[in-house]
Structures are given as structure tokens and as C-alpha cells.
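There are 2 protein chains.
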Amino acid sequence: MATTAERPLRRDAERNRQRILDTAGLLFAERGLGVSLDEIARHAGVGVGTVYRRFPDKEQLIDALFEHRLAEILAAATDSLEMSDPWEALVSFLERSMELQVKDRGLKELLLGTSTAHARIEQGRQQIQPIVVALLGRAQTAGVVRDDINVPDLMLLQHAIGEAAEYTREVAPEAWRRVMSIALDGLRPDRRRPSPMPVPPLDEEQVVCSMREWGLRRRR
Amino acid sequence: MATTAERPLRRDAERNRQRILDTAGLLFAERGLGVSLDEIARHAGVGVGTVYRRFPDKEQLIDALFEHRLAEILAAATDSLEMSDPWEALVSFLERSMELQVKDRGLKELLLGTSTAHARIEQGRQQIQPIVVALLGRAQTAGVVRDDINVPDLMLLQHAIGEAAEYTREVAPEAWRRVMSIALDGLRPDRRRPSPMPVPPLDEEQVVCSMREWGLRRRR
DNA sequence: ACACAACCGGAGTCCTGGCCTCCACTTGGA
DNA sequence: TCCAAGTGGAGGCCAGGACTCCGGTTGTGT
Chain A
47 MATTAERPLR RDAERNRQRI LDTAGLLFAE RGLGVSLDEI ARHAGVGVGT
97 VYRRFPDKEQ LIDALFEHRL AEILAAATDS LEMSDPWEAL VSFLERSMEL
147 QVKDRGLKEL LLGTSTAHAR IEQGRQQIQP IVVALLGRAQ TAGVVRDDIN
197 VPDLMLLQHA IGEAAEYTRE VAPEAWRRVM SIALDGLRPD RRRPSPMPVP
247 PLDEEQVVCS MREWGLRRRR
Chain B
47 MATTAERPLR RDAERNRQRI LDTAGLLFAE RGLGVSLDEI ARHAGVGVGT
97 VYRRFPDKEQ LIDALFEHRL AEILAAATDS LEMSDPWEAL VSFLERSMEL
147 QVKDRGLKEL LLGTSTAHAR IEQGRQQIQP IVVALLGRAQ TAGVVRDDIN
197 VPDLMLLQHA IGEAAEYTRE VAPEAWRRVM SIALDGLRPD RRRPSPMPVP
247 PLDEEQVVCS MREWGLRRRR
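First to last, the sequence lines map onto chains A and B.
In this note's numbering, each residue carries its 1-based index in the first sequence increased by 46.
In this note's numbering, each residue carries its 1-based index in the second sequence increased by 46.
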């Protein structure tokens, strides 16, 4: 108690705090939660000390940073729930959620990773869960989604598609939509024809590039 | 020239060499290519020096180790090509290939990763490629696979499913088959009903466990 | 049985990279 | 003006991987 807003930061300090938050957001988004605080400091044009003074540990930085990101996914879920077509509703949520995760690698790691040690994130997840249950349930009772799948299947699917996105992110950042399209077609109980592909397929060269990029992204 | 089998190793040396190869195989399979030679030495019950004497660098160890693994995939491909039903042929290859990759994480990394610096692996890949083209082509002209997908799409799918497998590997090592089943249903140009799921879905607890495992597998 | 080249283990060096502390210097603002 | 608040970044600490070296051991040809 009496810890928050003890007293306003000096103006330069506040400015630095914001800079750190901003760059951390960027770096986490494009390289995942693994980036070091030193690196964030360097990119923010600020000393390491400054970072550590403001955020005693990485957890706090992450929590501060991802709260509203989580809220975005929650919003996507509730928005979708309001759509009248049960299939469109589910698809719209899955799509929006994937878009957010593709744009922000850190968010994805937070969503999929260890639950402990991020109370707020855990709480966010638990707000989202029932909505997903509702979305899936509605689609299934409407008969537009096969009923032998459950929510964990959707999670797995999201994770899988997310990795495909990761693989091609440098070369064809939208290619994951093809994978998703295939998966969505696979969720239907029956259908006459494939849904049209949202983006063109990868060509030979893009594959080679993706392989190279991916290879050296995991240091070796 | 005159380098191979210069002279047979002393018997104990040969025994150690084999031990190193064996344990390296195991460790690469379950933890990926990232494991250090020191660790391999420790698990093999052998000094680090012995490892480095026998395999001047990791590349050579890896090449020696994965040549026949690659051959297995190639065999899966050619075997499948001989099957009469074009759909069954494609499915059988994809399934076998995934099984191998799930069993051996190192193999997967090699298949998907950097092409350079592993000439033999690259060559193996190039033997497999045309067979996959044939498998897919045959299925498409037979009208059992939608024709707006190409080989890179299959790669992406494999990568994606592989990650789902990675995610649940400790808790439900067969769960990836559900994802694959959905994806396969998504590949058909049309169908009346979903194919039956090969394994039961994850329950709540398994999801939580997977999240935890996955979280701490990427150190943090 | 003996000698010795081949082989062994693993302590030790070097290096990279993360986390975090400390303190001499700057600066905002009462 | 003055000083508490704030700053930067050198440097300590530690983990862990790659690789070397050498005193000691062992297989083997004779």
C-alpha cells in the first residue's frame, strides 16, 4: 500500500521510463521475451542502470507491457461473440488472435508459456477462456464446426499456425494465412469446395530463404 | 583420398566411438541439435577429449549420425509412391515423415533449418523433393487433394504440426495426430464428414502441464 | 612378457553473454 | 542557487559452450 504513485517521477525520468517501455515493446514483439534488459537499454539509448532502477526485474516490465495486449485479445473475443453468424464469429476470433500473436512474438510466448509468475496474464487468460468455449460451443451446436474437437484443439492449432508464421516471417509474413485456411476447412463438418486461399503460395526461393533465416535464428 | 579407414581404430577406441555416436543420437533426438559436445561426453561416460579427438567438430558428428535417418524418410517417400491409392499414398508419407520428426527433434531441425554446411543432408533433401512433388501431383490429378496447394504448403503444414507435437510431447505425445487429422481434412477438395479422430483430445490438466513444460523448456 | 604407440579422462583456458551493482557525474525544479 | 533525484556504463559475477593439453592407462604386435 502507498507504493503506487508515491510521488510523480521527475520529468526526464518519466521520459526515460516511457522510452524503455516503448523499445521493450518493440523488441519483445519482434524477438520474443528472451531479449536481455541490457539490450533493451542499448536500443532505448539509456544506461543499463536506468532500466534496472525503474524495473527491478523483467517480470514487472513484462507485466506492465502486456496487460493491454491481453486486453486486445479479450476484446477480439467479445467482439466476435456479438457476431450473428456462429462460424464467422469463431473464424473472426481465431484470425484476430493469430494476427496479434504474429505481430507480437512476446505475446505469443506469454499466452502459450508458463502460467506461474505472471498473475495478471494468467487472469487475462481466464477471462478469455470462457468466451472461446462459448464461441466454439455455439458453432458446434449450429452444426458449422465438427463436434469432435474441443478448446485445447484450438489452442494446439493456434500454436501450430503460429510456428508456421514464425518460419516464414521474414520472407512471406502472410503465408500463415494459407495454413490457417486449410485448418479452418478441416474444422467444418462437411463442405463441397475448399475456401479460396487468402494469399498466394510460397515459391521455391521463398522456401530456401525461410530455411536459411530460421536456421540461423536459432544460433548454431 | 586414402583418408577413410586409414587404419582400424584400436578396439577400445572403436567402442568409445560407437558409444559417442549412440548417445549423441539419443540426445539429439530428444533435445535437438543444441546439446553441447561436453554433455554428450558426460552422458556417454567418456572424456570430452575423446569426443573432440574423434569428431573434430559437431558438423561431422551430425552428418555421420543423420545420414541414415534421412534415408528413412526417403524410404517412406518411395514406399508411399508405390501405393495404389493416391490419397493413401500422400497421407502415408506425411504421417510417416511426421512420426520420424516427432521421434527425433534433431532430424526435424536438420530438415527445416539451414541448408548450407551439411552437404549430405542437402543432397538427401533433394532426393526427397521430387518424390513429394510426385505424390502431391498424383493426388491432385486424381482429384483427391485440392489443387490450390503446393509442396511448400505441405512443408509449412509439417512444420506447424511438428510444433504442436513439441508442445505436448511430455504430456500427450500422440496429440499431434489430431492436428494432423484436421489438416488432412482441410486438404481435401470436398468431403461429407470429418475423418474420425485418431486419438482422444487433451483435457484441461494436460493443457496446463503442456504450458508449464513448454514454458520452462525455453529457459527463463 | 614387454614396450610403446595409441588412447584416455577431465581439469583448465578462453570466450560469449546475461544479470545486476555501484558510484562519480549531471540535471530538474523548489 | 543547490541538492535530491536521476543518469550512464564500467565492471563484477556467473553460467555454459568450445576446445586444448598432458600425465596416466591400455591394447597389441612381437
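Backbone N, C-alpha and C fix where the C-beta goes; we use that ideal spot for every residue, glycine too.
- One thing to note: leucine 116/B has its Cβ within 8 Å of the Cβ of isoleucine 167/B.
- Proximity of threonine 160/B to chain A, defined by a Cβ-Cβ separation below 8 Å, is satisfied.
- Judged by beta-carbon spacing, glutamine 147/A lies beyond the 8 Å limit of leucine 140/A, meaning their Cβ atoms are not closer than that value.
- Nearest to glycine 80/B by alpha-carbon distance, out of Thr96/B, Glu259/B and Leu107/B, is Leu107/B.
- Around the Cβ of threonine 69/A, a 10 Å sphere holds 16 or more other Cβ atoms; the residue is buried.
- Chain B places no beta carbon closer than 8 Å to that of tryptophan 133/A, leaving this residue out of the contacts.
- Methionine 144/B has its alpha-carbon roughly 36 Å from the corresponding atom of glutamate 105/A.
- At a C-beta separation below 7 Å, leucine 248/B has these neighbours in chain A: Pro198.
- Bridge pairing for arginine 237/A: Arg237/B [DSSP].
- Spatial neighbours of glutamine 64/B in its own chain (CB-CB distance under 6 Å, excluding positions within 5 residues in sequence) are not present.
- For a Cβ distance threshold of 8 Å, residue set Glu209, Ala210 and Tyr213 of chain B lies close to histidine 205/A, ordered along the chain.
- Not a single CB atom of chain B sits nearer than 8 Å to the CB of aspartate 68/A.
- Inclusion of leucine 182/A and leucine 127/A in the CB contact set at 8 Å is not warranted, their separation being larger than that value.
- Taking a C-beta distance under 8 Å as the contact criterion, tryptophan 222/A and leucine 158/B do not qualify as a contact pair.
- Relative to the Cα of aspartate 150/A, the nearest Cα in the group Met243/A, Arg77/A, Glu60/A and Pro246/A belongs to Arg77/A.
- Here the region 205–215 of chain A makes contact with the region 243–263 of chain A; the two share three or more CB pairs at distances below 8 Å.
- Between arginine 239/B and aspartate 236/A, the CB-CB gap stays under 8 Å.
- At least 8 Å separates the beta-carbon of valine 137/B from that of leucine 200/B.
- Scanning chain A for C-beta atoms nearer than 9 Å to the C-beta of proline 244/B yields nothing, as the closest lies near 11 Å away.
- Close CB contacts of isoleucine 174/A within its chain, under the 7 Å cut and outside five residues either way in sequence, are with Ile119, Leu120 and Ala123 (chain order).
- For alanine 110/A, no Cβ of chain B is located within less than 8 Å of the residue's own Cβ.
- Note on geometry: alpha-carbon atoms of histidine 205/B and proline 198/A lie some 19 Å from one another.
- Remark: C-beta atoms of arginine 224/A and proline 244/A approach each other more closely than 8 Å.
- With a threshold of 8 Å between beta carbons, aspartate 231/B makes contact with chain A.
- In summary, no residue of the region 119–146 of chain B has a CB separated from any CB of chain A by less than 9 Å.
- Nearest C-alpha to alanine 75/A among Val92/A, Leu156/A, Met129/A and Glu134/A: Leu156/A.
- The alpha carbon of alanine 188/A has as its nearest neighbour, out of Arg234/A, Phe112/A, Gly91/A and Pro176/A, the alpha carbon of Arg234/A.
- Comparing alpha-carbon positions, the option among Val178/A, Gln169/A and Gln172/A lying closest to arginine 142/A turns out to be Val178/A.
- In the displayed model, valine 253/B falls within a helix according to three-state DSSP.
- A distance below 6 Å between beta-carbons, with the five flanking residues on each side excluded, links valine 191/A to the following residues of its chain, in chain order: Ala185 and Leu233.
- In the structure shown, arginine 192/B adopts coil according to DSSP, grouped into three states.
- Taking a C-beta distance under 8 Å as the contact criterion, leucine 73/B and glutamate 85/B qualify as a contact pair.
- When 7 Å is used as the limit between beta carbons, proline 176/B is near no residue of chain A, the shortest such separation being about 13 Å.
- At a cut-off of 8 Å between beta carbons, aspartate 58/B makes no contact with chain A.
- Assignment of alanine 221/B by DSSP, reduced to helix, strand and coil, places it in the coil class.
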